[in-house]
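The end of the sequence shown is residue 1185 by our numbering, with every number in the run present. Heads up, the beta-carbon is just placed ideally off N, CA and C, and yes, glycines get one too. Keep in mind that this is a model prediction, so the values were computed, not measured.
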Amino acid sequence: MSISTPFIRRPVATTLLSIGLVLLGFLAFNILPVASLPRVDFPTISVTAKQAGASPEVMAATVATPLERNLGRIAGVNEITSSSTLGSTRITLQFDLNRDINGAARDVQGAINASLSALPSGLQNNPTYRKANPADAPVMILALTSKTLSRGQMYDAADTILGQKLLQIEGVGDVSIGGAAQPAVRVELNPSQLAHYGIGLDTVRSAITSTNANRPKGFIEKKQELWEVKANDQAKQAADYIPLIVSYKNGGAVRISDVGEVKDSVLDIRNAGYYADQPSVLIMVFKQPNANVIETIQRINQMLPTLQQALPSQIEIHTAVDRSKTIQASLREIERTLIIAIILVIIVVFVFLKNGRATLIPAITVPISLVGTFALMYASGFSLNNISLMALTIATGFVVDDTIVVLETISRRMEEGLAPMQAAITGAREVSFTVISMSISLIAVFVPILLMGGIVGRLFHEFAMTLSYAILISMMVSLTTTPMLCAWWLKKNKKNQPSTENLIAEQTSENDDYSKALLVASDDEYLKKQGLFGRITLLYKRSLAVALQHKAMTMIIFIFTIGLNVYLYIAVPKGFFPQQDTGVMMGSLVADQNISFDAMNTKLKKYIAVIGKDPAVDHVMGTLGGSQLNRANLFLALKPLGERTDTPDQIMARLRKVLGHEAGIRFSLRPVQDINVGGRSSDASYQYTLQGDDLTALRSWTPQIQAALSKLPALTDVSSDQDVKGLETKLTFDHDKMKMMGITQAQADSALNDAFGQRQVSTIYNPMNQYHVVMEVAPEYAKSVEALNSIYIQDAQGQSIPLSTFSSWKAANTSLSVNHQGLFAASTITFNLNDGYSLSDATLQINNAMNELKVPTSIRGSFQGSAKAFQSSLSSEPLLILAAIVVIYIVLGILYESFAHPLTILSTLPSAGLGALIALILFKMEFTVIALIGILLLIGIVKKNAIMMIDVALTLQRKQNLKPETAILDASVLRFRPIMMTTFAALFGALPLALGRGDGAELHVPLGVSIVGGLIISQILTLYSTPVMYLYIDQLSGWGKRKFRSLMSIKQMGLKK
């Protein structure tokens, strides 16, 4: 009794099991998480430290380096980078894909604690960390606008209410607020008045610090009462500081109002933010690594009404960017594609079978297999994403094959005179091993994918497993539900005469001699009477006979196919991952490094206005400020695809043409992608990093290399993060004079920081937040280096001594940022690709340019981010294809108990690869990892054609004692219809992917194009090359057996002697 018999005899139980599987699948479908792609984020943690007024070099040497030394010792760190700017250092650690982010966070905190003793005492706070990648794009941007409140007031609400609440939401990794700064009291001093009164800057600072205090004062306890002691020891507003006494001179009090002004302002006045053309505060929300974007945004949207109520009524919240909308749109599109694929496959079955009842069987079993897959996906922790749904769409063409195998075998048995029940039992028993072996050999294709490491392996793990689940469930359904439906649903053909439709025999039963089928298949007159397909079959039979008579020519074509494969693989443009249209773009404006804040703000508003007029752009946001005043960030929200026809590349090209030629400013854009590799923020899509042992040499070579790369035809938007042309005033102190005057170096540095460092000299404590008192000289006294002449320092006798008395200064250039990678000084050159060039073109040109420049060995260049992942995947692609072929050979060798016949089956593969490469080139698509997956799938698909031919040919040779030539000819004709049927089912299953034009189509179109192209070419070639290869390998196998027997006989004769 076969495995199918109990299910055939118990239709109610089988039906209920199928219904249970479907219900389980629907339940899993409704609770499966939804995402754009599988969880492939590298665990990333960002460490931040701040010290007001410290130069980038000081931050790098005193903060970044001690932290890096301890953080670099953490296990599992793949990459460590840092960027130090004015008053700030950010260190990014990227860990192995398998590293637990929470465990890594504990290790990071331990490394920070170990570094505290080596860090300067002037840090505002201890270094902090966030579980987020600063190089990622925000998943959501909220814009706050108000017609009455200042940006400082909006920032206070954003920081106090929104920022804190958003960080508590599951999935949120970091919240960044741009466009303004925290409210603060600013004390702006007049150096001339200070000199007039003989008061030093440190005296004012001490007066503010000692006057504004919030210390414990205890309590008074009576017998039955407790009195808390409070006082007016906090100055909370600018008005509270104006009467503050700084010192007494000539018997009179000198107040702050006598030596300067006090304002209610913000912590850093050099900040600006815009939403469209409105002044705005932007709240950028970043997700944690591997957090689900859609679920995270849903949680935020659920909380927004509550947050809006907590804000002042004058503030409006606008959702400027919501990444979940395009993700959900792309998933709806791929779901529609899946439904269309199912319908097309069923139509193909009906066209070939011309039997409504028989067509209903795959119409039932295919959805059962696909829906049941959702249950295993949920059990495996997968999500509904573009990759897993692509797998199910492709699986449509696979799972129908198993049903066809069983259905057609049972139909043939019924035509031989068996009753439906007996035909179902006999047919299912005959093909059970064939169905199992075909499924196992198909799953074998995915073994190399499952063993792949890195981001590509993680990305396509769900793809391979989802396809494998669908194939396994299809195998079980085809051996249980399908024969049961055949037994109880199909009707016996009353004519009891074989028809062409019933010649689709899918089994290799030892008890079936194919005698009846061969009688019809060899009858040319009968084929002529069978309509169009019969005439096509006859034409194929005659053309194949000619090909078998000219085997050498067919073999030459086969060898030519292999050579053309190699040539086209080398020639085809290559990339890492198809560029997605997520509806969001990021950009930057980088001006001359000595530009003022006001001038940069004017340029930012101009660019926002021009970009906002582009027909494809919905709205624009921009921020300016922080530690690099020559840089502004842009965020572009594009219109939905239904309202625009332009791709991100076309939009970038158009805006680059309009805005990319203004002198003194560099404008760049890049589309936001769901996959981000690397932890360094970038102005463009790709990165090339230079590392050096000598910082001076690195700074010398970086502009030379950047200039050379800018001339390469494949690159555009070439820029670097090396900013060494910022202006600085370099002071030289006369230490002998200072010693004589009793002035210390610490006094001088402190005075300069008091005057020009926006020094935070005191803290104002409020119930909801903490604010700072900032002290500096008034802006009109800090507009040129001549302002140093107005700075006085008190000597040991309390006399005010001009700074110029014991120092001199000169103008020089300085770095606006200092970057490290792997503890070494680094500069990163970023670039986009010009139209018509691929990433493989760019990497080749860059490598050639570096060789021509003869860069010294102390300067090392390497690709980072997506370009690095591309190079890694490129080197593994041939090995991956080879591994898939080897695994299939092993499986087929075991199934056939033969070393030779698997080679015949594998001979179909070159034609499939050729078709895929030709299709990609014709449609001007790059060979990416998506296309590679398509070729691996083709390896599993096209081998079925050879299996169907060889199974019958071997049976005919063994049971009918036919010659190999006759056996393979008859087998090919007999199997022509099922070969065409299964190929068209796979082709039409992939066709909706190839023709997709909606959201997310850029991901699945290359997969569909490669599969459709491969199937078309392989179908044409393998119908002739496989029979020829069968004969050659049969001859080679016979020669080997004869040689072996000859050697064995000689050996036996020697033993007898």
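Going by DSSP, E1054 is part of no alpha helix (DSSP H) at all; its letter is neither H nor E. Judged by DSSP secondary structure, D877 falls within the alpha helix (DSSP H) whose first and last residues are Q873 to F884. Counting only residues of its own chain and dropping the five nearest sequence neighbours on each side, I289 has a CB closer than 7 Å to the CB of L435, A438 and L439. With contacts defined by Cβ atoms closer than 8 Å, V494 and T537 do not form a contacting pair. Residue environment: A203 is assigned as exposed (fewer than 16 neighbouring CB atoms within 10 Å of its CB, all protein chains considered). Cβ atoms of V409 and M268 stay farther apart than 8 Å, at about 15 Å. The Cβ-Cβ distance between I515 and L251 does not fall below 8 Å. Setting aside the 5 residues that flank it on each side, L1031 is surrounded in the same chain by Y1017, M1157 and I1161, each with a C-beta closer than 8 Å to its C-beta; the list follows chain order. Scanning its chain for C-beta atoms nearer than 7 Å, with the 5 sequence neighbours on each side dropped, one finds no residue around P344. In its chain, beyond the 5 residues on either side, Q442 have a beta carbon closer than 6 Å to the beta carbon of L277. Comparing alpha-carbon positions, the option among K911, Q834 and V476 lying closest to G989 turns out to be Q834. DSSP, reduced to helix, strand and coil, places T985 outside both helices and strands of the structure shown, so it counts as coil. Taking C-beta separations shorter than 8 Å and ignoring five residues to either side along the sequence, the partners of L666 in its chain run D652, L655 and K656, following chain order. Residue pairing by DSSP places F414 opposite D302 in a beta bridge. Assignment of V387 by DSSP, reduced to helix, strand and coil, places it in the helix class. A distance below 8 Å separates the beta carbons of L570 and I599.
A distance below 8 Å between beta-carbons, with the five flanking residues on each side excluded, links D742 to the following residues of its chain, in chain order: I779, R782 and L783. Proximity of the segment 723-730 to the segment 745-760 meets the contact definition, three or more beta-carbon pairs being nearer than 8 Å.
By the neighbour-count criterion, in which 16 or more other beta carbons inside 10 Å mark a residue as buried, E1054 falls on the buried side. With contacts defined as CB atoms closer than 8 Å, L837 and N962 fail to qualify as a contacting pair.
Taking a contact as a CB-CB distance under 8 Å, the pair A180 and G885 counts as one, their CB atoms being some 6 Å apart. Secondary structure remark: continuous beta strand (DSSP E) runs of at least 3 residues inside the segment 186-269, in chain order: 205-213, 216-223 and 256-258.
Using a 10 angstroms sphere on the CB of Q365, the tally of other CB atoms stays under 16, which defines it as exposed.
In the three-state scheme derived from DSSP, where H, G and I count as helix and E and B as strand, M603 is classed as helix.
One thing to note: A192 has its Cβ within 8 Å of the Cβ of S210. Under the DSSP assignment, S560 falls in the alpha helix (DSSP H) whose first and last residues are P548 to I571. In the three-state scheme derived from DSSP, where H, G and I count as helix and E and B as strand, Q819 is classed as strand. L916 is the residue among D845, L916 and D862 whose C-alpha sits nearest the C-alpha of D882. Assignment of R343 by DSSP, reduced to helix, strand and coil, places it in the coil class. For secondary structure counted as the beta strand (DSSP E) over 3 or more consecutive residues, the segment 898-932 holds these complete runs in sequence order: 898-905, 920-922 and 928-930. Around the Cβ of A1047, a 10 Å sphere holds 16 or more other Cβ atoms; the residue is buried. Judged by DSSP in its simplified three-state form, F763 adopts strand. Taken through DSSP and simplified to helix, strand or coil, D864 comes out as helix. Contact between V394 and A271 is absent: CB atoms are separated by about 18 Å, not below the 8 Å threshold. Between the C-alpha atoms of V1019 and A572 there is a straight-line separation of about 7 Å. Beta-bridge pairing by DSSP links V1014 to no other residue.
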